[in-house]
Amino acid sequence: MSQDFTPENVFYNDGTMDPERTLASVDQALGGMEDGELYLQYAQSESFVFDDGRLKNAAYDTTKGFGLRAVMGEATGFAHSSDLSEQSIKRAAETVQAVRSSHSGQMSLPPQGTNTHLYTHTNPLDDFSFSAKVKLLEEIDAYARAKDPRIKQVSASLSGSWEVVEIIRSGGHRLQDIRPLVRLNVSIIAAQGERMESGSAGGGGRFTYHQMLDEGHWQAKVDEAVRQALVNLESVAAPAGEMDVVLGPGWPGVLLHEAVGHGLEGDFNRKGTSAFAGLLGERVAAPGVTVVDDGTIANRRGSLSIDDEGTPTQHTVLIEDGILKGYMQDRMNARLMGHDATGNGRRQSFAYQPMPRMTNTYMLAGDSAPGDIIGSVKKGLYAVNFGGGQVDITSGKFVFSCTEAYLIEDGKIGAPVKGATLIGNGPDVLTRVSAIGNDLELDPGVGSCGKGGQTVPAGVGQPTLRIDGLTVGGTDG
Numbered sequence: 090m091s092q093d094f095t096p097e098n099v100f101y102n103d104g105t106m107d108p109e110r111t112l113a114s115v116d117q118a119l120g121g122m123e124d125g126e127l128y129l130q131y132a133q134s135e136s137f138v139f140d141d142g143r144l145k146n147a148a149y150d151t152t153k154g155f156g157l158r159a160v161m162g163e164a165t166g167f168a169h170s171s172d173l174s175e176q177s178i179k180r181a182a183e184t185v186q187a188v189r190s191s192h193s194g195q196m197s198l199p200p201q202g203t204n205t206h207l208y209t210h211t212n213p214l215d216d217f218s219f220s221a222k223v224k225l226l227e228e229i230d231a232y233a234r235a236k237d238p239r240i241k242q243v244s245a246s247l248s249g250s251w252e253v254v255e256i257i258r259s260g261g262h263r264l265q266d267i268r269p270l271v272r273l274n275v276s277i278i279a280a281q282g283e284r285m286e287s288g289s290a291g292g293g294g295r296f297t298y299h300q301m302l303d304e305g306h307w308q309a310k311v312d313e314a315v316r317q318a319l320v321n322l323e324s325v326a327a328p329a330g331e332m333d334v335v336l337g338p339g340w341p342g343v344l345l346h347e348a349v350g351h352g353l354e355g356d357f358n359r360k361g362t363s364a365f366a367g368l369l370g371e372r373v374a375a376p377g378v379t380v381v382d383d384g385t386i387a388n389r390r391g392s393l394s395i396d397d398e399g400t401p402t403q404h405t406v407l408i409e410d411g412i413l414k415g416y417m418q419d420r421m422n423a424r425l426m427g428h429d430a431t432g433n434g435r436r437q438s439f440a441y442q443p444m445p446r447m448t449n450t451y452m453l454a455g456d457s458a459p460g461d462i463i464g465s466v467k468k469g470l471y472a473v474n475f476g477g478g479q480v481d482i483t484s485g486k487f488v489f490s491c492t493e494a495y496l497i498e499d500g501k502i503g504a505p506v507k508g509a510t511l512i513g514n515g516p517d518v519l520t521r522v523s524a525i526g527n528d529l530e531l532d533p534g535v536g537s538c539g540k541g542g543q544t545v546p547a548g549v550g551q552p553t554l555r556i557d558g559l560t561v562g563g564t565d566g
């Protein structure tokens, strides 16, 4: 598929749809409504999994369809179909008009588009041949196994997707975007005696496979996964109790994403179900804590030139120097709350309605040297990598498992530990931040965020942080 494969010839090249008649159908469907749009999507995706020394899975998929939404107050009419035709859109229009009330609404102004493109429009699936992608995975497997005789199992995966979207509103307002996304992941299992431990690393973003196939890039990912697995072979049982915790930079920002980020999304705050509801302008974090959501960072996994309602993404300050400044908003929740949309209206695909979601959410750097932060801790835990976690949005309570962590003793990093979990309350944790490093990092591009049954790519990040008096669940004793 060539680079000039535009929305025009994706959606209107087979004769089943005409651009002008489609606009007329949208005008008719949304007449008298307060908001809504026709969302057209074409997507290609592929994935490869190499495990136990051979290609275990290779998949390719193409999807095409539309979602038509009409909004009146808090009521939403929504219909979707993979049958992308004028007749199907007309049937959908009859469905969404069920939310029309006896009083016609005034259509909200459409989002103001920009000419900003945060990523290439090139289709990554066309970059390299099938055999070249399989060869990469073979090389990863061989390179990893040669690193250390304790490496017993290697699993590597490569995936890519390419989406074309068009968002049409009444009055002939149309916005388009072309979105690439790639990801590489490596998982290692190492064994010593009867003990087995794992490590993993990966990366990706909104670019092509060229970076993935660069030898220096993928070897660094393998080296990191191997390092983690071998470190974990030396780990001891994690202690339990309340202690000072230092979080490493980059991916540990996933704790911030889950424990705090979701609570700053507009829908939870409009409904009063977030721990942050009604607290705008009040102190919710320690001085120095500034948290932003930024969908405008070029090539990042969580970035979008426009969100799935057509609003350009932006750099949104959520918490500034500890004071709550704003929420992440889609169009509907922003309108109902009297706020501006922030470009956070996202959906998994045409078959879903948009809702306020994070893009790249991270804490800004402070002025402390990471070594000084660790040196300030008499006895505690240094958490470098996280696995899964659970969060209650209403209360803010969370539990996160550490996949790589170390004891801190007398200001020095000690033995690696296994089985550590961090337990706390998101809003409370922000007030316990006592030191912020000068080493802000964003994650390598592996994050995915789930909400309301929808999964979208997202980014996280933070500098080294010291959090005082956090509860650590362990296996020691």
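Going by my numbering, the letters in the sequence shown line up with residues 90 to 566, in that order. Ideal Cβ positions, reconstructed from N, Cα and C, are used throughout, including at glycine.
Whether residue i touches residue j by CB criterion (8 Å)
i: T165; j: F296; result: no
i: Q117; j: A182; result: yes
i: G337; j: A472; result: yes
i: I278; j: Q242; result: yes
i: P96; j: Q265; result: yes
i: G342; j: D481; result: no
i: E175; j: R110; result: yes
i: F439; j: H206; result: no
i: V522; j: V315; result: no
i: N514; j: T492; result: no
Cα-Cα separation, residue i to residue j
i: L554; j: H346; result: 14 Å
i: M90; j: N212; result: Here the model assigns M90 a pLDDT of 39, short of 50, so the residue's position is not dependable and the matter cannot be decided.
i: Q201; j: G508; result: 49 Å
i: E498; j: A504; result: 9 Å
i: M426; j: T448; result: 21 Å
i: Q92; j: Q543; result: Low per-residue confidence applies at Q92: pLDDT is 44, beneath 50, and the placement is therefore not dependable enough to give any value.
i: A430; j: K501; result: 46 Å
i: G352; j: E371; result: 15 Å
i: A309; j: M301; result: 11 Å
i: D396; j: R239; result: 46 Å
i: T402; j: G249; result: 23 Å
i: S363; j: A494; result: 30 Å
i: Q418; j: N358; result: 10 Å
i: K224; j: P376; result: 51 Å
i: G367; j: G476; result: 32 Å
i: G534; j: S190; result: 44 Å
i: G339; j: G260; result: 44 Å
i: P269; j: E398; result: 18 Å
i: T105; j: L173; result: 8 Å
i: A348; j: G142; result: 38 Å
Proximity test, residue i beta-carbon vs the ligand COA heavy atom, cut-off 7 Å
i: M417; result: Among the components of this structure there are no ligands whatsoever, and the ligand COA is therefore not found.
Bounding residues of the alpha helix (DSSP H) (the contiguous stretch that carries residue i)
i: H306; result: 304-322
i: I395; result: From DSSP, I395 is part of no alpha helix (DSSP H); its letter is neither H nor E.
i: N422; result: 420-426
i: R110; result: 108-119
i: T520; result: 515-520
i: G342; result: 342-345
i: N358; result: 355-359
Assumed close pair residue i, residue j - CB separation to whole angstroms, cut-off 8 Å
i: L112; j: I257; result: 7 Å
i: Y128; j: V254; result: 7 Å
i: G469; j: V335; result: 7 Å
i: E123; j: G156; result: So it is not a contact: roughly 18 Å between Cβ atoms.
i: A159; j: V185; result: 4 Å
i: V466; j: A326; result: That pair is no contact at about 20 Å.
DSSP three-state assignment for residue i, whether helix, strand or coil
i: I525; result: strand
i: S218; result: coil
i: E252; result: strand
i: L226; result: helix
i: V466; result: coil
i: Q92; result: Reliability of the predicted coordinates at Q92 is poor, the pLDDT of 44 falling under 50, and no value is obtained from them.
i: V99; result: helix
i: P269; result: strand
i: D429; result: coil
i: Y232; result: helix
i: P401; result: strand
i: D461; result: helix
i: V380; result: strand
i: A348; result: helix
i: P445; result: strand
Residue range of the unbroken beta strand (DSSP E) whose run includes residue i
i: R180; result: From DSSP, R180 is part of no beta strand (DSSP E) but of the alpha helix (DSSP H) over 175-185.
i: R555; result: 554-562
i: F155; result: 143-161
i: H169; result: 164-170
i: Q130; result: 124-140
i: P533; result: Neither: P533 is in no beta strand (DSSP E) and is coded neither H nor E.
i: A504; result: 501-507
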